[in-house]
Amino acid sequence: MLHFESLNCDFDGQLLPGFPRLFRAKVPGGWLVLLKETVTQEMSGVSFVPDPQHTWDGKSMP
């Protein structure tokens, strides 16, 4: 079972209403990252971020 955690994504230090939210889940070899539209609540944009040691803090570029 995947456990997704929310990533704090902001624009110039502010969370914007209607701005999509990002989530990540630890998987072997890295992270699954997905986008959730705040208006429609639909999940989309799944990507894999390679990070075998799981050192990515979710705030910086991996």
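Just so you know, the sequence shown maps onto residues 567 to 628 in my numbering.
Idealized CB from N, CA, C, for every residue including glycine.
Being a predicted model, the structure only gives us computed values, none of them experimental.
Exercise. Under 7 Å, do Ser599 and Arg587 count as touching if we go by C-beta distance?
Worked result: Here residue 599 corresponds to residue number 33 of the sequence shown, with the count starting at 1. Here residue 587 corresponds to residue number 21 of the sequence shown, with the count starting at 1. At residue 599 the sequence reads Val, which differs from the Ser that was named. Arg587 sits away from Val599, with the two beta carbons spaced by 7 Å or more.
For this session: Might you give, ordered along the chain, the residues of its own chain that have their beta carbon closer than 6 Å to the beta carbon of Ser610, omitting 5 neighbours on each side?
Result: Along the sequence shown, one-based indexing puts residue 610 at 44. The beta carbon of Ser610 is closer than 6 Å to those of Leu601 in its chain, skipping five residues each way along the sequence.
Exercise. When you compare only the Cα positions, how much space is there between Cys575 and Lys625?
Worked result: Locating residue 575 in the sequence shown gives position 9, where the first residue counts as 1. Locating residue 625 in the sequence shown gives position 59, where the first residue counts as 1. Near 8 Å, if we compare the C-alpha coordinates of Lys625 and Cys575.
Exercise. Is any heavy atom in the ligand HEM found nearer than 6 Å to the beta carbon of Pro618?
Worked result: Annotation note on the ligand HEM: not contained in the displayed structure, which lists no ligands.
Problem set entry | Distance between Val593 and Met567 (C-alpha atoms, nearest Å) | As a first step, residue 567 must be located in the sequence shown, where it is residue number 1. As a first step, residue 593 must be located in the sequence shown, where it is residue number 27. Answer to the nearest angstrom: the Cα atoms are 10 Å apart.
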